[in-house]
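Input: a single structure, listed below in structure tokens.
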Amino acid sequence: MLTHYNILNNAHSISYCMPFTLADILCCPPPLFHCFGLVLSLLIYVTYSSTVVLPSPSFSAPAVLSAIAAENCTAIYSVLAMFEELLSIPCPLT
1 MLTHYNILNN AHSISYCMPF TLADILCCPP PLFHCFGLVL SLLIYVTYSS
51 TVVLPSPSFS APAVLSAIAA ENCTAIYSVL AMFEELLSIP CPLT
């Protein structure tokens, strides 16, 4: 079981390795009920007062790509399976 202290301490410790600024905008597709989505994504960005974009209630690769483009995201935290699905979407040629 994770305590509030454990969760906040993890976010604080990890934020030293991933320095973000107020200018950064994170796209966070993982669910917030999971430690990765909550600690690595949301709480680190809250620590820096940066912007977090939650692209959809459940994972949708097209919604994530749309959010990245619409919100000018500078970072994305995700897991391998999500990245694979994002990369499988054909990119329109312009």
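If you're matching positions, the sequence shown starts at 1 in the UniProt record's numbering and goes up one per residue.
Ideal Cβ positions, reconstructed from N, Cα and C, are used throughout, including at glycine.
Since SER58 contacts LEU22 with CB under 8 Å, what's their CB separation in whole angstroms? In fact, because the Cβ distance is near 29 Å, the residues do not count as touching under 8 Å.
Which residue marks the beginning of the beta strand (DSSP E) containing CYS27, and which one marks its end? Per DSSP, CYS27 belongs to the beta strand (DSSP E) from 25 to 27.
Drop a sphere of 10 angstroms on the beta-carbon of CYS17, count the other beta-carbons inside from all chains shown, and report buried for 16 or more, exposed for fewer. exposed
I believe PRO29 touches PRO55 by the beta-carbon criterion, under 8 Å. Please report the beta-carbon distance rounded to the nearest angstrom. Taking a contact as a CB-CB distance under 8 Å, the pair PRO29 and PRO55 counts as one, their CB atoms being some 6 Å apart.
In chain order, what residues of the same chain have a beta carbon less than 7 Å from the beta carbon of VAL53, not counting five sequence neighbours either side? ILE25, LEU26, CYS27, CYS28, ALA67, GLU71 and CYS73
Can you give, in chain order, each stretch of the alpha helix (DSSP H) that sits fully within the UniProt domain "AMP-dependent synthetase/ligase" (1 to 88) and has at least 4 residues? 4 to 17, 44 to 47, 61 to 71 and 80 to 87
Does the distance from the CB of ALA75 to the CB of ILE44 come in under 8 Å? no
What residue from VAL64, HIS4, ALA81 and LEU65 has the CA that sits closest to VAL39's CA? HIS4
Which listed residue (ALA69, LEU65 and TYR77) has its alpha carbon closest to that of residue 95: The requested residue 95 does not occur in the structure, where the chain is confined to residues 1 to 94.
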